[in-house]
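Numbering (this note's numbering), first residue to last: 3 to 88.
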């Protein structure tokens, strides 16, 4: 599997947040951004197993959602190809 340079990832998130964004979870005004690399990228529209590519999900959060419980799981569910799991 390909690797991701943490400095490049941080720069990509900073560039993403230069433009005013809406919260990826609730649609409020975003104050911070983040990124994650899914363990199973094909569930997020990424390459199939064995591909030499990395799927990076960059997201924005408002101050209320940042402080909520289970925010990492909620962000991951919001970006799944098949939508939130119920």
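The C-beta atom is built at its ideal place from N, Cα and C for all residues, glycine as well. Keep in mind it's a predicted model, so treat the numbers as computed, not measured.
Compare the C-alpha of residue i against each of the options and name the closest.
i: residue 8; options: 78, 70 and 58; result: 58
i: residue 28; options: 42, 60 and 76; result: 76
i: residue 80; options: 6, 50, 70 and 46; result: 46
i: residue 66; options: 83, 10, 14 and 30; result: 30
i: residue 63; options: 82, 78, 49 and 52; result: 78
i: residue 38; options: 72, 15 and 71; result: 15
Taking the beta strand (DSSP E) that residue i falls in, what are its first and last residues?
i: residue 34; result: 34-38
Per DSSP, which residues does residue i bridge with? Please list them.
i: residue 62; result: 35
i: residue 24; result: 31
Output the boundary residues of the alpha helix (DSSP H) element that contains residue i.
i: residue 76; result: 73-81
i: residue 10; result: 8-18
Report, in whole angstroms, the separation of the C-beta atoms of residue i and residue j, which I expect to be a contact under 8 Å.
i: residue 68; j: residue 34; result: 6 Å
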